[in-house]
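Residues 7 to 167 (our numbering) are what the sequence shown spells out, left to right. Reviewing the structure listed below.
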Amino acid sequence: RGIPVFVHAADADRARGGDKPKTPMGSTRIGPLLQFAAYGIRKGMRPTWLTEVREVTDGDTLDLPGAPRVMSMPGHSPGSIAIFSPDVRAVFVGDALTTRHVLTGRTGPGPAPFTDDPAEALASLGRIADLDADWVLPGHGPAFHGSPAGAVEAVLAAAQA
């Protein structure tokens, strides 16, 4: 009945429309901020909450081609996850990092905005650093072609800037 949506148990209630903590926006630039706002307006400024999710936890293997593996990446949210697909040498990182910051327009691997616990998010990146992959696929911005270790190194450097 449609496409399954896999959500870590720690974020399942949030995905269904439950409470979400308010997080500081951090630095912004007017151009990217207006683009982000315009996107929200085009989408009606109303999220569509999920009614059905499949809860997953760290270490689960998804019943999908290539048997991708769930990796907990808490920080952006308590249930932030990455999905590692060894067959295609790619890791889908969601909002664990971004390659285009929606509020500043900064490009390249960096910390994601609207993160619940920034220090925990940076620490979680160590979980993907040693993966044997050629692609890091974030929730925002273009794919990063290179090793997860290279992406993590760039995020940590950007966080210090």
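Note that CB positions come from ideal geometry on N, CA and C, so glycine has one too.
(request) Measure from the alpha carbon of His107 to the alpha carbon of each residue in Phe120, Val97, Val99 and Arg95, then state which is nearest. (result) Phe120
(request) Determine the burial state of Ile134: buried for a count of at least 16 other Cβ atoms within 10 Å of its Cβ, exposed for fewer. (result) buried
(request) Out of Gly24, Leu56, Asp17 and Gln41, state which residue places its alpha-carbon closest to the alpha-carbon of Gly8. (result) Leu56
(request) Determine the closest residue to Arg95 out of Pro154, Thr113 and Gly24, with distance taken between C-alpha atoms. (result) Pro154
(request) Quick one: measure Cβ to Cβ for Thr67 and His14, integer angstroms, because I've assumed they're closer than 8 Å. (result) That belief does not hold up - the Cβ atoms of Thr67 and His14 are roughly 15 Å apart, past 8 Å.
(message) Can you check which of these residues, Leu162, Ser130, Ala157 and Ala139, is closest to Gly85 by C-alpha distance?
(response) Ser130
(message) Check this for me: beta carbons of Gly65 and Glu126, under 7 Å apart or not?
(response) no
(request) Just tell me which of Trp141, Arg112, Leu103 and Gly111 has its CA closest to the CA of Asp123. (result) Leu103
(request) Consult DSSP for Leu137 and reduce its assignment to one of helix, strand or coil. (result) coil
(request) Compare the C-beta of Ala149 with all C-beta atoms of chain B and state if any pair is closer than 7 Å. (result) Absent here is chain B; the protein component of the structure consists of one chain.
(message) Under DSSP, the beta strand (DSSP E) around Val218 begins and ends at which residues?
(response) With the chain covering 7 to 167 only, the question about residue 218 has no answer from this structure.
(request) Please go through the segment 87 to 133 and give each complete alpha helix (DSSP H) segment of 4 or more residues, from N-terminal end onward. (result) 124 to 130
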